[in-house]
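Residue numbers (my numbering), protein chains in the order written: chain A, 17 to 131; chain B, 3 to 533.
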């Protein structure tokens, strides 16, 4: 589960960063974002990547987690880049969904680990 | 950074990548397969059963060895892990009086070794095959070459790869701006460049890691001076790094050997939860027996596990000395390259990143010819060197996957009793690869791409059917019924990889080269296009 959260958050993170780039906004969103919104999305994306790292460390510790995170973000970025030209809108929407589900999974994993 | 520096880097990138690109692709593809080495071996040995707990395997191996070689000089047991279905054992008989002691070497002597079923401890006789081991060996030491030459050659290619990675990063001016850019519908050159950049940049941590650590694993061969300066010989070095227990004379006093499962549990406790991998027993059945348990590296980043020594009654005597910092670093680099610690999720991540690496090399090779064709004086009649590159591209990009599949076909189709069976399995890979290159030379490019990729797709995707027909106990439903998830996944993966190759073939079939636009200025180089 926590591995799934890692992959979802990594994907969501790159969607955030991609959407914050002006050149990708027309295809992915169909509109341009305001500078403030753009910054928010970028930081949101970075936060999601950091959360993915937290998942990896939580699941397998610092050593393996770091290796795992590097691989996971590579795959997430590849998935997004391959999907975007063919299904741009859906790729972006999937990012929002992935962020939501990933955050919920991470939160529940955290709650369980505290107990 | 000025333009000329970038241009010289682009030149370096282009030629370092091209010169050994075909070998690199073969190394990358076989290396990628190696992440599933135990599964490939299991697939190629359909006579073997399912993985089982290593306690059971250890007990079975001890029972077998005390039956066939009760008074051997030593036993060696390689335990299966959760992905392997067999334990392998070999023993060293007591040297006969006056006989020279034989060197401890595995696999030399067929009558002092055996393969045992992990669950039952019975001897299994799998068909003669090199299994996944071949891809592993090939990816760093080639084939048909003396091993050392092969390793030097693989190292040279890896060095070219490292140069190509570094110069490629420098050449790629818009690494962040084009981070997510892939325009498959644009002109051929543009989309090939995008595809090359994408597979290279997005999995760059993996590519850089795998190339660098790959070189490090063989550093003692490539750069022996560090060892030479500090140790009198290679042997002295290996003795210091991997110490061996002193040999003890048999006392002649019989004593039962402690049950190995119990010794394993002791070892796990001493390691704080580690698993055993190899068990060496010297003087079995004697009061002076020593049991040496080497740790499996599957739960550590570092590949070097360390070992514990127990006496005949199972009392812990000594631990191998802690490795020094240089050794730990080396071991960690080796470990991160091999990915042995990787649980299923991470193993798939490794596999997919590695596939991206194959795609990077393949797209790079194609890009060379696509971007150069337009600049030829007469694109319809290219010169010999250009045609050679194109034909090698087709023959290798389709030929290596097809050849690897051919090896698995041969595994099922060659008669089980055939003499030198496993060499012919290997030959079949190179025969098909070579055949594909020849075939590509005889056909026009577009047809050659379609047909070779089509054949490769068929060869890969049809393997589950070949397996089901020739070894009915290994058809996908039988595997599923037995609960053998790994073999079910293996067949499904083959189908998926076949579909991927078929997709490439379909793309090649739809590819229409754009008419060369009339340009006044000389066409830009790859570098400035990339920039």
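We treat Cβ as the ideally placed atom computed from N, Cα and C, and that holds for glycine.
In the three-state scheme derived from DSSP, where H, G and I count as helix and E and B as strand, residue 129(A) is classed as helix. With its beta carbon less than 8 Å from one in chain B, residue 83(A) belongs to the interface. Three or more pairs of CB atoms, one per stretch, sit closer than 8 Å, so the stretch 42 to 51 of chain B contacts the stretch 488 to 497 of chain B. For residue 319(B), the enclosing beta strand (DSSP E) covers residues 318 to 321. Rounded to whole angstroms, the gap between the alpha carbons of residue 470(B) and residue 477(B) is 4 Å. Counting of Cβ neighbours within 10 angstroms places residue 232(B) among the exposed residues, the total staying below 16.
For residue 204(B), a Cβ of chain A is located within less than 8 Å of the residue's own Cβ.
Scanning the stretch 73 to 160 of chain B for uninterrupted alpha helix (DSSP H) segments of 4 residues or longer gives 134 to 143, listed from N- to C-terminal end. Taking residue 357(B) as the centre and dropping the five residues before and after it, the same chain places the C-beta of 34 closer than 7 Å to its C-beta, in chain order. The stretch 322 to 329 of chain B makes no contact with the stretch 269 to 277 of chain B: fewer than 3 CB pairs, one atom from each, lie closer than 8 Å.
Residue 86(A) places its beta carbon 8 Å or farther from that of residue 25(A).
When CB distances to chain A are screened at a threshold of 9 Å, the residues of the stretch 328 to 345 of chain B falling below it are 334, 338, 341, 343, 344 and 345, in chain order. Where residue 25(B) is concerned, the enclosing alpha helix (DSSP H) starts and stops at 23 to 36. Legend: CB atoms of the stretch 86 to 106 of chain A lying less than 7 Å from CB atoms of chain B belong to residues 86, 87, 88, 90, 91, 93, 94, 96, 97, 98, 100 and 101. Cβ atoms of residue 159(B) and residue 25(B) come within 8 Å of each other, at about 5 Å.
The Cβ-Cβ distance between residue 304(B) and residue 269(B) does not fall below 8 Å. Against residue 200(B), the close residues of chain A are 93, 94, 97 and 98, in the order they occur along the chain (beta-carbon pairs closer than 9 Å).
Secondary structure at residue 53(A): helix, using DSSP grouped into helix, strand and coil.
Rounded to the nearest whole angstrom, the CA to CA distance from residue 59(B) to residue 266(B) is 11 Å.
Chain A places a beta carbon closer than 8 Å to that of residue 208(B), counting this residue as a contact. Contact note: residue 34(A) reaches chain B through 182, using a C-beta cutoff of 7 Å and chain order. According to the DSSP assignment, residue 295(B) belongs to the beta strand (DSSP E) that extends over 292 to 297. Sequence-distant Cβ neighbours of residue 100(A) in its own chain, meaning closer than 6 Å and more than five residues away, are 107. Counting C-beta pairs closer than 8 Å gives three or more between the stretch 107 to 116 of chain A and the stretch 21 to 39 of chain A, which meets the contact rule. Boundaries of the alpha helix (DSSP H) harbouring residue 467(B): 465 to 472, taken from the DSSP string. Among the bridge pairs identified by DSSP, residue 267(B) is matched with none. Residue state for residue 285(B) is assigned as coil, using DSSP reduced to three classes. Taking the Cα of residue 296(B) as reference, the smallest distance to any Cα among 289(B), 288(B) and 323(B) is reached at 323(B).
In its chain, beyond the 5 residues on either side, 365 have a beta carbon closer than 6 Å to the beta carbon of residue 197(B). Judged by pairs of C-beta atoms under 8 Å, the stretch 159 to 170 of chain B does not touch the stretch 79 to 92 of chain B, as fewer than three such pairs exist.
Within the stretch 51 to 123 of chain A, the complete alpha helix (DSSP H) runs of at least 4 residues fall at 51 to 99. Distance check between residue 30(A) and each of 125(A), 63(A) and 47(A) places 63(A) closest, using alpha-carbon atoms only. In this structure, the CA atom of residue 38(B) is about 25 Å from the CA atom of residue 154(B). Interface residue (Cβ-Cβ distance to chain B less than 8 Å): residue 48(A) is not classified as such. Looking only at 408(B), 151(B) and 311(B), the smallest Cα-Cα distance to residue 466(B) is reached by 408(B). For residue 236(B), the enclosing alpha helix (DSSP H) covers residues 236 to 243.
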